[in-house]
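> Let me give you the structure first, and then I'll get to my questions.
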Amino acid sequence: MEVQNLNKKLDKISKKGKAVGVNLALFDSKGIIYNYNYGFANKEQGIKSNNDSLYMIGSNTKVLTALAILKLMEEGKLSLEDDVKKYIPEFEVKSYFQYDKISIKNLLMHRSGLVSDLFHLILGKTRDYYEVIPELRETYLTAEPGKMFSYSNVGYTVLGIVIERVSGLSYTEYIQKEIAKPLGIQVHFLLNEEDRHKFTSSVSLCYDRKGKAVEDNLSTLLPAGSNTYMSLSDFIKFGQMFLKKDGALLKKETLELMETLDLEEPIDQEVYNVGFGLIHKQYDMGEQVGKVLGHGGNTTCHHSMFNYIPELDVGIVVMTNSQSAIGFYATAGMTVLVEYLKEKGIVVEESKAECEHIKCDSNDMVGKYATGLGMMEIKRNNKSELVTKVSKIPIRLCPCKDGYYQCTPVKALHKIPIFKRSIQGMRLKPATYLGEDIMLFEQSGKYHKTKGVIGCKYERTDIPDSFRAACGNYTIADEMFKDIKCKCQLKVEGEVLVLEIAALNVKLNSCLKVVGEDLAILQGFGRLAREMVKLQKKDDGYYLTFSGIVFKKI
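The sequence shown runs contiguously to residue 553 in numbering that gives the first Met the number 0.
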């Protein structure tokens, strides 16, 4: 690999993304192929970022949690089909569904039906992840267990408690003793400033979008990915375990189980999913490359990616400490991986900006869809073309041979090459999944594609006067979270009740289905979909509660 040229490319990407610190490594089962370090772990003290710098790994912690569960399975101490109540008898959750159980397998695969997040726990500096059990008693299942894929930090926190109940050790003790030690690596759980002070010379600070050192907001749900730190050196060794499969931690067949997707629906084999702890189909690089597996991790300021290709004996790790890096850290990783594959003579085809279109008079696409981007209404214009808006950008939908519809720009501004490619990189396709009408999407990067479910058919709902009167702008009511910048608005658009929330790195724009005078659920399919929004009218005004956070009308 041409190291100097690659370094220059990554320097350009890092500077453009306003990163403070970046660590990256391409590796195989024998060692490091390429290594890149940029900037500072601690800019204030002039401590440069290097392979021994401790960065937060966010949700990559879930891979540690999954490995712990599978190790206990190997030892015969639990079964993936076990009911979670076998180990946590006090576990309770409300449900409108008739169901048998929530299994360990359901939790591992993010198909438990549990809510995605409880932000008052995640952000609460004085709270503890054990509190997730009593908090869940006041929540409702969003889907029948085993059905809808809905990424859940809460679900993996419950797995952490299962690990404790089965092993007799605390979660952190188990990970350090039974996972990290056999691999010869260090995993640090630094819960507060006092813990981090012990590693002043190596621990990375957190930097906001302006490059200012701040405290990361995410702190409580340890087994899901709060306050876990690793060095790049140790992350490489961790990744090599998946390539070597030499029995250092788990049996070869157990690691191979993690590389399978135990789902029967054909659609599930095509789209972004989580199997037994690893993400599948996040980066589809074609048959020549084969299966790309791994995970990612995002806190407020730290972002990381871990991916490997078992058939090619190669992996990539990227770690950053800057909130602004959320837009480019994966680009850096894919840039290095593609350069390596090309050098090895492996054909990595560049995604075409435009697909071949066909004539199609079908109205299968026509209708209203509830998505994470808001209402998507697809209709025919006066030219009989299918048109809609995605994130408020007007687009035309052109049918392709494979049943997808390519998004093409309508306005002149969006036909500028940089905008055009971004818009045309997205395709949509209606489908039926488990009896539901859903909308699939395909997003093309330069050398990979990602498919997933963007939403489902919108269900019309009557809007009672109680919700109409409550419309307006809201702010977070809890004084503990007053420093978090947040925009929240409840509104009616074209007789559709909409909730918009923007906070930290999350933007939510959801259509609501009213199920009572003071209760509504988010329409859609997947993460956060079908979760409850509770309305309260008090003497001092209106309050909304969503995902554990209380908002007060301004």
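We put the CB at the ideal spot given by N, CA and C, even for glycine.
Who are the near neighbours of residue 476 in its chain, counting only those whose CB is closer than 8 Å to its CB and skipping five residues on each side?
As a working note, residue 476 is residue 477 in the sequence shown. Excluding positions up to five away in sequence, the list reads 542, 549, 550, 551.
> Let's see if you can read the secondary structure: which residues bound the alpha helix (DSSP H) around residue 330?
Within the sequence shown, residue 330 is the residue found at index 331, counting from 1. Residue 330 -> alpha helix (DSSP H) spans 328-342.
> Would you kindly work out how many angstroms separate the C-alpha atoms of residue 287 and residue 274, rounded to a whole number?
The count along the sequence shown starts at 1 and reaches residue 287 at position 288. The count along the sequence shown starts at 1 and reaches residue 274 at position 275. Each residue's alpha carbon lies about 22 Å from the other.
> With a CB to CB cut of under 8 Å and the five nearest residues on each side skipped, what residues in its chain are close to residue 582?
This structure cannot settle anything about residue 582, because the visible part of the chain is limited to 0 through 553.
> Within 10 angstroms of its Cβ, does residue 96 collect 16 or more other Cβ (buried), or is it exposed?
Along the sequence shown, one-based indexing puts residue 96 at 97. Counting Cβ neighbours within 10 Å, residue 96 comes out exposed, since fewer than 16 surround it.
> With a Cβ-Cβ cutoff of 8 Å, do residue 359 and residue 398 count as a contact?
What you label residue 359 is simply residue 360 of the sequence shown in a count that begins at 1. What you label residue 398 is simply residue 399 of the sequence shown in a count that begins at 1. Result yes, Cβ atoms of residue 359 and residue 398 sit closer than 8 Å.
> Among the candidates 120, 536, 151, 315, whose CA atom is the shortest distance from the CA of residue 130?
Position 131 of the sequence shown, counted from the first residue, corresponds to residue 130. The shortest C-alpha separation from residue 130 is found at 120.
> So, residue 449 versus residue 328, is the Cβ gap smaller than 8 Å?
One-based indexing of the sequence shown puts residue 449 at position 450. One-based indexing of the sequence shown puts residue 328 at position 329. Contact flag unset, no.
> Roughly how many angstroms lie between the CA atoms of residue 537 and residue 465, to the nearest whole one?
For the purposes of this step, residue 537 is taken as residue 538 along the sequence shown, with counting starting at 1. For the purposes of this step, residue 465 is taken as residue 466 along the sequence shown, with counting starting at 1. For residue 537 and residue 465, the distance between alpha carbons rounds to 12 Å.
> Helix, strand or coil for residue 426, going by three-state DSSP, please let me know.
The residue given as residue 426 occupies position 427 in the sequence shown. Of the three classes helix, strand and coil, the one that applies to residue 426 here is strand, per DSSP.
> Can you grab the Cα-Cα spacing for the pair residue 158 / residue 214, in whole Å?
The residue labelled residue 158 in the question sits at position 159 within the sequence shown. The residue labelled residue 214 in the question sits at position 215 within the sequence shown. Each residue's Cα considered, the two are about 27 Å apart.
> Only counting the same chain, and skipping five residues up and downstream in sequence, which positions put a Cβ closer than 7 Å to that of residue 573?
Past the boundaries of the shown model lies residue 573; the chain is included only from 0 to 553, so the question cannot be answered.
> Exposed or buried, what is residue 238 when buried is set at 16 or more other beta-carbons lying within 10 Å of its beta-carbon?
Within the sequence shown, residue 238 is the residue found at index 239, counting from 1. That one is buried.
> Which residue comes first and which comes last in the beta strand (DSSP E) that contains residue 437?
To locate residue 437, count along the sequence shown from 1; it is residue 438. Segment 435-443, the beta strand (DSSP E) holding residue 437.
> Tell me which residues share the same chain as residue 189 and place their Cβ nearer than 6 Å to its Cβ, disregarding the 5 neighbours each side in the sequence.
One-based indexing of the sequence shown puts residue 189 at position 190. So the list reads 195, 226, 228, once near-sequence residues are dropped.
> Who does residue 224 pair with in a DSSP beta bridge?
Along the sequence shown, one-based indexing puts residue 224 at 225. Answer is none; residue 224 lacks a bridge partner.
> Would you identify the three-state DSSP class for residue 68, choosing helix, strand or coil?
Reading the sequence shown from its first residue, position 69 is the one you call residue 68. The answer is helix: DSSP assigns residue 68 an H, G or I state.
> Are three or more beta carbon pairs between the stretch 234-250 and the stretch 312-324 nearer than 8 Å?
A contact exists between the stretch 234-250 and the stretch 312-324.
> Run through DSSP, which three-state label would residue 278 get?
Sequence index remark: in the sequence shown, residue 278 carries index 279 (1-based). Residue 278: strand per DSSP, three-state reduction.
> Which value, in whole angstroms, describes the spacing of the CA atoms of residue 187 and residue 240?
For this step, residue 187 is matched to residue 188 along the sequence shown. For this step, residue 240 is matched to residue 241 along the sequence shown. Rounded to whole angstroms, residue 187 to residue 240 spans 19 Å at the Cα level.
> Does DSSP classify residue 164 as helix, strand or coil?
Position 165 of the sequence shown, counted from the first residue, corresponds to residue 164. It is helical.
> Given this structure, state the Cα-to-Cα distance separating residue 382 from residue 212, to the nearest angstrom.
Against the sequence shown, residue 382 aligns to sequence position 383. Against the sequence shown, residue 212 aligns to sequence position 213. Spanning the two alpha carbons is a distance of roughly 54 Å.
> Check for me: the beta strand (DSSP E) holding residue 294 runs from which residue to which?
Position 295 of the sequence shown, counted from the start, is the residue given in the question as residue 294. Its beta strand (DSSP E) spans residues 292-297.
> Ends of the alpha helix (DSSP H) at residue 238?
Stepping through the sequence shown from its first residue, residue 238 is reached at position 239. Run containing residue 238: 231-243, per the alpha helix (DSSP H) assignment.
> Taking 6 Å as the limit between beta carbons, can you name the residues of its chain near residue 36, skipping five residues before and five after?
Counted from its first residue, the sequence shown places residue 36 at position 37. If we look at residue 36 and ignore the five residues flanking it on each side, its Cβ neighbours are 22, 48, 49.
> May I have the straight-line CA-CA distance separating residue 223 from residue 356, to the nearest angstrom?
Reading the sequence shown from its first residue, position 224 is the one you call residue 223. Reading the sequence shown from its first residue, position 357 is the one you call residue 356. Each residue's alpha carbon lies about 43 Å from the other.
> According to DSSP, what are the bridge partners of residue 549?
Counted from its first residue, the sequence shown places residue 549 at position 550. Looking at the DSSP assignment, residue 549 forms a beta bridge with 544.
> Is DSSP giving residue 314 helix, strand or coil here?
Taking the sequence shown and counting its residues from 1, the one referred to as residue 314 is at position 315. Residue state, collapsed to three classes: strand.
> With a Cβ-Cβ cutoff of 8 Å, do residue 276 and residue 92 count as a contact?
In the sequence shown, counting from the first residue as 1, residue 276 sits at position 277. In the sequence shown, counting from the first residue as 1, residue 92 sits at position 93. No; because the gap between Cβ atoms is not below 8 Å, this pair is not in contact.
> Roughly how far, in whole angstroms, is the beta-carbon of residue 182 from the beta-carbon of residue 248, given that I think they are within contact range, below 8 Å?
Counting from 1 along the sequence shown, the entry for residue 182 is found at position 183. Counting from 1 along the sequence shown, the entry for residue 248 is found at position 249. The Cβ separation is near 6 Å, so the contact holds.
> Can you tell me the Cβ-Cβ gap for residue 446 and residue 349, rounded? I've got them flagged as a contact below 8 Å.
The sequence position of residue 446 within the sequence shown is 447, counting from 1. The sequence position of residue 349 within the sequence shown is 350, counting from 1. Indeed, because the Cβ distance is near 6 Å, the residues count as touching under 8 Å.
> Measuring CA to CA, which of 535, 525, 546 is closest to residue 111?
What you label residue 111 is simply residue 112 of the sequence shown in a count that begins at 1. Looking at the Cα atoms, 525 is the closest of the given residues.
> Evaluate the contact criterion for the stretch 141-158 versus the stretch 502-514: three or more CB pairs, one atom per stretch, below 8 Å.
They do not touch, by the three-pair rule.
> Mind reading off the beta-carbon distance from residue 301 to residue 54? Whole number of angstroms is fine, and I expect it under 8 Å.
Here residue 301 refers to the residue found at position 302 of the sequence shown. Here residue 54 refers to the residue found at position 55 of the sequence shown. At roughly 6 Å, the Cβ-Cβ gap stays under 8 Å, so residue 301 and residue 54 are in contact.
> Check the C-beta distance from residue 133 over to residue 101 and give it rounded, since I have them as a contact under 8 Å.
Here residue 133 refers to the residue found at position 134 of the sequence shown. Here residue 101 refers to the residue found at position 102 of the sequence shown. With a Cβ gap of about 17 Å, residue 133 and residue 101 do not count as contacting.
> Can you tell which of 68, 468, 540 has the C-alpha that lies nearest to the C-alpha of residue 558?
Outside the shown range of the chain (0 to 553) lies residue 558, about which nothing can therefore be said.
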